[in-house]
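Everything below concerns the one structure shown next.
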Amino acid sequence: MFLTYADHRESFDGLQTSCSLVYSVATYQAWASASWPYLCSCRKENSHSSASTGQTAKLRVLVVNTEMPRRVLLMQCSASVDILFLLDGSYSIGKGSFERSKHFTGKLCDALDISPDRVRVGMIQFSSTPRLEFSLDSYRTKQEVKERIKKTMFRGGSTETGLALKYVLHKGFPGGRNSTVPEILIILSDGKSQGNTEIPAMQVKERGTTVFAVGIKFPRWEELHALASEPTEQHVLFAGDATDAANGFYSTLTGSSVCSTPSPDCKIESHPCERKTLETVEELAGNYVCWKGSKQQNAVHASLCPFYRWKRIFIKHPSRCFRTVCPGPCDSQPCQNGGTCVPEGLDKYHCLCPMRHRGDIHCAPKLSLECRVDLLFLMDSSAGIMLEGFLCFKAFLKRFLQAVMGQDSPMNVGVAQYGTDVKIPIEVGQHKDVFGLMKSIEALNFSGGGTLTGRALWYIAQHGFRSTPVFADVQDDLPRVVVLLTDSKSQDPVAEAAKYARDRGLFLISIGSSFLRAELAEVTGNPKQTIVYSSPQDLFNKIPELQKRICSVDNPEGCQAQSLDLVFAVDASARVGLENFLQLRDFVRSCSFHFTINRDVTQIGLVVYGSKAHIVFALDTHTSNSALLQAINQLPFLGGSASAGSALLRIYGDVMTVQKGARPGVNKVVVMLTNGGGMEDAASPAWQLRNNGILVFVVVIGDAQRDMLLRVAGSPNYLLHISSYKDLQHYEDLIIERICEEAKSPVNLCKPNPCMNQGVCILGPGSYRCKCHGWEGPHCESRIVRGDSPRSLVLPPDSHVQQSPRGLQHFSRAPRHTEKHVDWKH
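Numbering follows the numbering used here, in which position 227 of the sequence shown is assigned residue number 227; successive positions increment by one, without gaps.
Printed below as a string of structure tokens:
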């Protein structure tokens with residue numbers, strides 16, 4: 001863990017004090033609320049020393065960044081060492097990444113005891129030519145160095161890393177000391193040099209200089225490895241993870257005895273990590289009809305010619321990272337439900353609890369499972385979550401089980417972990433008491449490897465629950481619940497494996513970061529069984545929700561079992577604006593999580609409109625939640641004026657029809673999201689939709705004419721007025737509830753009319769039939785062939801017919817570039 005020092009001068013009753021406080025907190029706000037009640041006790045400890053010396057003492061506060069649960073590490077290198085930063089200021093880096101380089105350089109300075117007789121720091125910026133920004137003897141304090149780094153201006157130019165290294169070879173370390181002081185060169189670059197770097201880099205290292213290479217932006221890792229000292233795993237860092245990189249830098253210096261460890265109990269650990277770069281590749285986009293031929297007579301013929309497009313992709317490079325960790329009393333994060341752990345010495349702590357959980361030593365919820373289940377936790381242990389994520393899941397697992405399990409708990413609990421392979425270190429029902437279970441969980445080790453969630457689900461479905469004499473507590477008649485804990489996207493398909501597990505009677509619950517919401521819903525098959533968190537601390541706040549989800553195994557929630565055809569009509573006009581339009585897009589995405597997308601349950605279509613309507617995708621385009629959510633992300637902003645009537649007409653004629661994927665006998669709903677503009681022409685097409693059994697639900701944001709909107713919605717029950725776009729998210733549950741009510745209502749099988757080509761739908765008891773004129777088939781889809789009316793040639797739906805100058809018809813299949821289906825692969 002990398003810790004940042006912040007020095008503050010505070011006065012209490014006229015007496016200035018000095019003290020070091022160490023807190024393990026998730027946010028600055030939490031730190032502030034935790035630290036101020038204890039500053040007075042700090043004053044008492046220092047009152048004698050301050051009074052005797054008469055000097056102003058400093059209050060040294062250690063602000064701990066704990067995005068993931070990590071062990072406390074007091075880190076500051078205090079040794080005689082000369083450090084020279086070599087900053088890439090070329091155009092390939094760009095000004096934004098140059099500023100991030102400066103930020104990272106400041107982070108490293110926080111871990112250095114900068115003074116004339118300890119650590120000295122200098123800086124050179126290079127692009128087309130190197131330029132000395134300041135020498136090692138220019139500034140005497142850490143604050144002066146950091147202020148000078150902030151003032152460094154971006155220069156631009158070509159990336160001449162080799163020339164900068166030759167400058168260092170010729171000039172040495174400007175302002176440095178004699179050869180007895182270790183020299184460290186830290187190169188911050190994207191590794192895309194325009195000249196040769198291997199020879200000068202080798203010469204720099206041969207003169208005894210330790211070289212660190214720090215990747216910026218999307219670096220070329222091969223060149224950075226050539227620049228860095230051996231072993232390269234410890235000398236190549238990534239500035240994008242500034243905290244981890246700074247810790248890795250300190251760990252390498254500690255391992256080489258340049259700096260000393262803060263405690264004999266601290267140790268350097270390695271763990272699998274990934275380096276990323278961005279590359280441009282060529283991929284086949286489709287085919288088009290073209291003419292080919294040769295010099296021979298009549299050799300010209302039509303053919304299909306491929307065309308390509310360029311795509312930028314991330315390339316991952318497996319690596320190992322190093323970190324210095326030290327034991328601390330708050331390692332296990334014993335404070336629950338948002339409580340803050342405050343260390344007291346090396347082995348004691350106390351919890352600062354939120355108001356609703358005060359009175360308990362660990363801010364622990366009074367929970368218990370009132371259902372009897374066989375419960376298996378499937379925990380991600382791949383390199384994608386790294387060591388921090390694995391420790392976070394272990395702490396969450398321990399905290400949850402401590403909260404809900406008693407001595408007579410009705411649960412049989414097991415734990416499985418997966419990466420490339422799957423293993424079950426704790427079988428379901430193996431432990432009879434909480435203490436033994438906690439001890440086994442604590443002994444779990446991080447394994448790394450790929451993130452093969454699909455493979456893990458296949459394995460658990462077959463081997464996760466055993467009913468043998470050894471595991472006699474695993475009863476066949478108990479519900480079997482699997483809780484998936486993951487924080488990285490699966491590298492193999494999960495849908496088929498998850499369906500196989502559900503078909504075998506497993507009740508799946510998935511927990512993960514918010515960016516995995518689509519994949520988590522694909523695993524469970526029901527968005528209500530997914531739990532997403534925004535931060536590690538937020539994860540621990542989900543304990544009551546997980547307890548509720550586990551016991552919902554016999555009482556599933558929601559209206560996902562009802563068949564529904566749902567279309568969103570989104571106002572994309574200039575009056576809405578791009579920023580508000582993106583909020584509408586996110587709202588549609590969030591609403592979609594509540595439904596199971598497939599041909600048998602819920603189909604969703606999407607239309608955006610400005611002056612004209614644009615069908616983004618039809619009802620039958622997407623058959624899975626993941627594909628639907630990817631398509632929603634590509635929602636186009638149109639601008640221009642608004643015409644809600646044109647959108648409703650397109651929905652009536654081109655979306656809510658049997659030919660376009662609408663299903664007979666299924667309730668149909670249109671949800672229109674608008675700011676109220678362009679509704680003048682919407683009343684008539686809205687009436688047509690309602691007359692065909694399609695509900696029109698109007699959600700208007702901002703001020704609008706209520707009378708006009710009522711004519712469109714048809715009833716106040718289907719008109720919802722929201723004051724601002726920011727408040728839209730608070731009405732999501734209400735809108736979903738209204739949609740679900742409509743999904744459960746009785747269906748008129750003849751609305752909308754399932755009969756094509758002017759056919760008349762005749763309703764019967766529980767069925768319907770079509771009366772056709774000049775057509776035949778169940779839905780009047782085939783023309784009756786007569787002697788004077790030859791049957792027309794049926795072509796594939798994506799074929800085109802062209803008339804040649806000689807009257808011949810040419811048929812060709814064009815590449816699929818329709819507005820109906822846009823499926824982006826990531």
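Ideal placement from N, C-alpha and C gives every residue a C-beta, glycine not left out.
Under three-state DSSP, which class holds residue i?
i	result
G653	helix
G645	helix
M840	Look at the range of the chain in this structure, 1 to 826, and you will see that residue 840 is not part of it.
I739	helix
A472	Unreliable positioning characterises A472 in this predicted model, as indicated by a pLDDT of 46, which lies under 50. A coordinate reading is not provided.
M153	coil
V658	helix
N675	coil
P536	helix
D492	coil
A831	Because the chain spans 1 through 826 in this model, residue 831 falls outside it and cannot be assessed.
D823	Summary for D823: the model assigns pLDDT 39, below 50, so the residue's position carries little reliability; its value from the coordinates is reported in the next sentence. If DSSP states are grouped into helix, strand and coil, D823 belongs with coil.
H622	coil
F322	strand
P329	coil
S684	helix
Y91	coil
F314	strand
D727	helix
Y167	helix
Q802	Summary for Q802: the model assigns pLDDT 42, below 50, so the residue's position carries little reliability; its value from the coordinates is reported in the next sentence. Q802: strand per DSSP, three-state reduction.
V72	Bear in mind that the predicted position of V72 carries a pLDDT of just 38, short of 50, making it unreliable; the figure below should be weighed with that in mind. Coil, per DSSP.
Q603	strand
I866	The structure shown does not extend to residue 866, since the chain spans only 1 to 826, so no value can be given for it.
D110	helix
Mind checking whether residue i and residue j have CB atoms under 8 angstroms apart?
i	j	result
C77	Y308	no
P756	H779	The displayed chain sequence assigns Met, not Pro, to residue 756. Their beta carbons are under 8 angstroms apart, which means M756 touches H779 by this criterion.
L673	D571	yes
R120	L136	yes
T197	L169	no
I83	I184	yes
D487	D380	yes
N342	K311	Looking at the sequence shown, residue 342 is not Asn but Val. Not a contact, by the Cβ cut-off of 8 angstroms.
G248	L224	no
V482	L376	yes
How would you write the range of the beta strand (DSSP E) that residue i sits in, first residue to last?
i	result
H271	267 to 292
R575	Careful: R575 lies outside any beta strand (DSSP E) and carries neither H nor E.
C780	First-last for C780: undefined, no H or E at that position.
Y418	412 to 418
F697	694 to 701
Q125	119 to 126
H350	348 to 352
Y768	767 to 771
V342	340 to 344
Ends of the alpha helix (DSSP H) at residue i?
i	result
R549	543 to 550
I441	434 to 442
F400	386 to 404
E198	198 to 206
G512	Counting along the chain, G512 falls outside any alpha helix (DSSP H), though it belongs to the beta strand (DSSP E) covering 506 to 513.
E522	517 to 524
Please look up how many angstroms separate the CB atoms of residue i and residue j, rounded, as I've assumed it's under 8 angstroms.
i	j	result
L508	Q529	6 angstroms
R118	I124	With a Cβ gap of about 21 angstroms, R118 and I124 do not count as contacting.
G414	I424	6 angstroms
Measuring only between beta-carbons, confirm whether residue i sits less than 8 angstroms from chain C.
i	result
F400	Protein chain content of the structure displayed is limited to a single chain, and chain C is not contained in it.
Does at least one heavy atom of the ligand NAP sit under 7 angstroms from the Cβ of residue i?
i	result
R312	The model on display carries no ligand, and the ligand NAP is accordingly not part of it.
Practice task
Check whether the segment 377 to 385 touches the segment 446 to 466, counting contact only when three or more Cβ pairs, one atom from each stretch, lie closer than 8 angstroms.
Solution key: yes
Practice task
Count the C-beta pairs between the segment 663 to 679 and the segment 621 to 632 that are closer than 8 angstroms, then say yes if the count reaches three, no if not.
Solution key: no
Exercise for the section: Please confirm if the segment 141 to 160 is in contact with the segment 86 to 105, defined as three or more CB-CB distances below 8 angstroms between the two stretches. Expected result: yes
Handout entry: Given 8 angstroms, three or more beta-carbon pairs between the segment 564 to 583 and the segment 594 to 612
Key = yes
Exercise for the section: Check whether the segment 632 to 640 touches the segment 730 to 738, taking contact to mean three or more Cβ pairs, one atom from each stretch, closer than 8 angstroms. Expected result: Taking a cut-off of 8 angstroms for Cβ pairs, the segment 632 to 640 and the segment 730 to 738 do not touch, as fewer than three such pairs fall below it.
Practice task
Determine contact between the segment 673 to 683 and the segment 571 to 580, defined as no fewer than three beta-carbon pairs at a distance below 8 angstroms.
Solution key: yes
Handout entry: Sufficient close CB pairs (3 or more, under 8 angstroms) joining the segment 185 to 193 to the segment 203 to 215
Key = yes
Exercise for the section: Check whether the segment 635 to 645 touches the segment 532 to 551, taking contact to mean three or more Cβ pairs, one atom from each stretch, closer than 8 angstroms. Expected result: no
Practice task
Report yes or no: do the segment 609 to 617 and the segment 648 to 658 share at least 3 C-beta pairs separated by less than 8 angstroms?
Solution key: A contact is defined here as three or more CB-CB pairs under 8 angstroms, and the segment 609 to 617 meets this definition with respect to the segment 648 to 658.
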